[in-house]
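First the structure, in the form of structure tokens, and then the observations on it.
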Amino acid sequence: MARDYAARCPVYPMRNAWLVAVAVLLAAQEIGAPKVQVAEELEAYPTESVELSCQFNDGGGLTKLTQVSWIWEPSDGHRDNIAVYHPVYGQSFPNVAFKDRVVFLHNSLENPSIRISNLRMSDAGRYTCEYATYPTGNEQGTTTLIMLSKPKNSANGVTVQAGTKSVVVARCEAADAKPAATIEWLAPVGGNHSTSTTSGPDGTVTVRSEYRLVPTPADNGREVICRVNQKTQKQPWVYPIKLSVEYLPSVSIEGYDHNWYVGRSDATLVCLANANPEPTTITWTAASGPLPETVVVEGNKLTVRKVDDAVNTTFICEVKNRLGSSRNQITTVVIEEERQLIQGPSTGAVIGAILGALIFICIVIIGTIFFIRNRQEDAEGPPKHKPPPPVKAGSSTEMLNKPSEPPTATETAPLSPGEVYYEPTGREPVTNLDDETTGALNGRAPPVKYEKERKDHAADGHHSNDLDSSNHEVPAANISRGESFVSPAMYV
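As numbered in mature numbering (1 follows the signal peptide of the UniProt record, and there is no 0), residues -28 to -1, 1 to 464 make up the sequence shown, in order.
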């Protein structure tokens, strides 16, 4: 028993030490934790409601709560009681600005949460839930209320006149926003912008931006975009603005074809004008004086009923709008006879001819390629013609030129393998091929026996050694590649 106790004895001090440490940590956590628990920060919008929670964490229950107060501290540092609760004397709302807008959610000191309705931008600030306690004194927790305001966005263009100075052509505004908005311009016209901000008494901010450029007639009708970004918006606010640039009329005259010949009818000139604002009047005049009698004017169109020398003049078209007037002129020359205009090929015919030429060139190129490929395949492939037969061995000039004689019995006898027999008509010798001549089948010269030829020469009284070498030389044969080659006979 003593041994068992001794083995267990060191465990109890260790266990006690752990318990003490845990208790100390819990006590320290309880001491360090705030007794008044509130939300650190809240966000709200005007006209909405917000709940400010407050709860007292007593821990051991030794603290006595006597009264709780809600104190509002605006950004300027002023402090006002807006709600008070006493367990005996009840509720009180001393601040007139929050009267009828603040209520306690629970009639209790332990949870004196309040609700503020019909919020205003000026309600932003710090709200402190403060307890009067015994014996520790006052305990408090503070919540920061952030009031947000969606911007009132607007944008518009400014009508300007074309000139040489930079002027404001568009404006964009994000008013009464909290926090302040940012404005961007998306414009391809190459201008610049300036931005200003104004703070309101309730903490809101108004941002204004102006877009400037040197206006030209070409800028009229172009589009610039104002984009507003702000925290309360789910996505950027985008507004396109069309520029309005006013300018004097730009006048041009069309219709003259340099072929006003005497007697031509209904020759027409048209006066075209580009202006902002729109033209109010269009007037035709002649530099030589009043318009000829054959001329008729209808709006911007001048028509010559019958061309004569009277219209050999300069016509002037003048266009007016609210800003002023502009003019253009053209001189018409009357010729005696009609000028024959040689009409060139139409655009469609030219395009068709070009396409046809391109197609023809492609066909020629493709045909050439196929032709070259076929020639290469023919050169690289096996020969398509049958090669000539090989030159027969054992022939000589003398034998080939020997006159035909009737065959003898010996000559008509069957030939032994490899023996050569000459036809009496001077045709090529016939060689008997058998198994011994299989070499000829493989492209080599067959073995040839010259015994028959030797006997014929002996019968004629000629010794083989006395034969004229010039009569027995074997003529050189043109042997192409792949044919059999046989050496000439040797006489002993």
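Glycine included, every Cβ here is placed at the ideal spot set by N, Cα and C. What you are looking at is a predicted structure, and each value in this text was computed from that prediction instead of being measured.
Contacting residues, own chain, Cβ-Cβ under 8 Å from residue i (five flanking each side not counted)
| i | result |
| --- | --- |
| G113 | P6, V8, Q9, V10, C26, T100, C101 |
| I118 | E13, L14, E15, A16, A96 |
| R299 | V223, I288, C289, E290, V291 |
| K214 | G129, G193, R194, E195 |
| R87 | S21, V22, E23, L24, V74, V75, L77 |
| S47 | A96, G97, G175 |
| H230 | V305, R311 |
Sequence-distant residues of its chain with Cβ nearer than 6 Å to residue i (five each side left out)
| i | result |
| --- | --- |
| Y106 | K36 |
| T253 | K292 |
| residue 466 | Look at the range of the chain in this structure, -28 to 464, and you will see that residue 466 is not part of it. |
| K124 | A147, D148 |
| W232 | A239, V279, T304, V306 |
| V139 | V132 |
Straight-line gap, residue i to residue j (C-alpha atoms, nearest Å)
| i | j | result |
| --- | --- | --- |
| V268 | R311 | 24 Å |
| G296 | A16 | 57 Å |
| E23 | N164 | 46 Å |
| A190 | R199 | 24 Å |
| K273 | S222 | 16 Å |
| V179 | S126 | 11 Å |
| Y228 | F287 | 11 Å |
| R194 | T266 | 44 Å |
| T285 | R236 | 16 Å |
| Q39 | P59 | 7 Å |
| E218 | G162 | 19 Å |
| I338 | G320 | 27 Å |
| A247 | S216 | 12 Å |
| K203 | L244 | 52 Å |
| L34 | A152 | 49 Å |
| A325 | R277 | 41 Å |
| E82 | R51 | 23 Å |
| T255 | I302 | 14 Å |
| T116 | I155 | 28 Å |
| Q207 | N201 | 7 Å |
| A142 | L241 | 40 Å |
Same chain, Cβ closer than 7 Å to residue i, neighbours up to 5 away in sequence not counted
| i | result |
| --- | --- |
| F65 | I54, A55, K71, V74 |
| Y61 | none |
| T176 | M93, S121, D148, A149, K150 |
| S89 | S21, R73 |
| P212 | E195, I197 |
Residue i burial status per 10 Å Cβ neighbour count (16 or more: buried)
| i | result |
| --- | --- |
| F457 | Bear in mind that a pLDDT of 45 at F457, under 50, signals an unreliable position, so the number given afterwards is only what the model happens to contain. The residue in question, F457, is exposed, as its Cβ has fewer than 16 Cβ neighbours within 10 Å. |
| G109 | exposed |
| P262 | exposed |
| P251 | buried |
| F28 | buried |
| E270 | exposed |
| L327 | exposed |
| T167 | exposed |
| P84 | buried |
Nearest-angstrom beta carbon gap, residue j and residue i [assumed within contact, 8 Å]
| i | j | result |
| --- | --- | --- |
| L77 | E20 | Not quite, the Cβ-Cβ distance comes to about 16 Å (not below 8 Å), so this is no contact. |
| V234 | E308 | 6 Å |
CB contact below 8 Å: residue i versus chain D
| i | result |
| --- | --- |
| S89 | Here there is only one protein chain, and chain D is not present. |
Quiz item: Enumerated in chain order, which unbroken segments of the alpha helix (DSSP H) with a length of 4 residues or greater are wholly contained in the stretch 244 to 306?
Solution: List check, alpha helix (DSSP H) in window: nothing returned.
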